[in-house]
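Laid out in structure tokens, this is it:
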């Protein structure tokens, strides 16, 4: 091989794009608040894809080349998603309306697997007691729930992080 680390570079690129697609399919929103099972999953995934990236090259240089490739790809992807809307649309989630003028969007809540109790918890953290007092509630792209009250005098800024509460299926 002309360039001995070309294999590592190509493998690292393939693993990066596989992981990006997997996160897009299985729900990046779940990363907003990691629990023990999520951390274990991340550690196991990183261990399982390590050999896929470096192959038989277990040298320090091989590992550093793989890490460098991942950093460079991530940098390029971030630049592309900011510059070209089509990349952003393809790779990034969109904010979702959960409540508009006191009316719950049951279709969105069901699709996003957000429970009634989870939504009420976010409202309480924003100082809102009833759904009818919510002007707008959004699930943001980072997994947080933003809420704007109809009562503009009681605006309160909090940072509610969505918790994943499924017992048997952990999304990554």
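In the UniProt record's numbering, the protein residues as written are 1 to 172.
Quick reminder that beta carbons are idealized off the backbone N, C-alpha and C, glycines included.
Anticipated Cβ contact below 8 Å, residue i with residue j, distance rounded
i: residue 70; j: residue 16; result: 6 Å
i: residue 98; j: residue 104; result: 7 Å
Cβ-based neighbour list, residue i, same chain, cut-off 7 Å, excluding 5 preceding and 5 following
i: residue 135; result: 101, 148, 149 and 150
i: residue 128; result: 134, 147 and 149
i: residue 108; result: 96, 97 and 98
i: residue 12; result: 53, 66, 69 and 70
i: residue 132; result: 102
Any chain D beta carbon closer than 8 Å to residue i
i: residue 80; result: No chain D appears in the structure shown, which is made up of a single protein chain.
Paired residues, beta bridge with residue i - DSSP
i: residue 138; result: 97 and 146
i: residue 103; result: 100
Extent of the continuous alpha helix (DSSP H) to which residue i belongs
i: residue 81; result: 60-83
i: residue 111; result: 106-111
i: residue 117; result: 116-125
Residue j beta carbon less than 8 Å from that of residue i
i: residue 123; j: residue 95; result: no
i: residue 53; j: residue 8; result: yes
i: residue 91; j: residue 77; result: yes
i: residue 141; j: residue 93; result: yes
Contacts around residue i, its chain only, beta-carbon distance under 8 Å, and the 5 residues preceding and following it disregarded
i: residue 68; result: none
i: residue 166; result: Bear in mind that a pLDDT of 42 at residue 166, under 50, signals an unreliable position, so the number given afterwards is only what the model happens to contain. Answer for residue 166: 113, listed in chain order.
i: residue 106; result: none
Own chain partners of residue i with C-beta closer than 6 Å, once the 5 adjacent residues on each side are dropped
i: residue 5; result: 65
i: residue 130; result: none
i: residue 62; result: 8 and 54
i: residue 58; result: none
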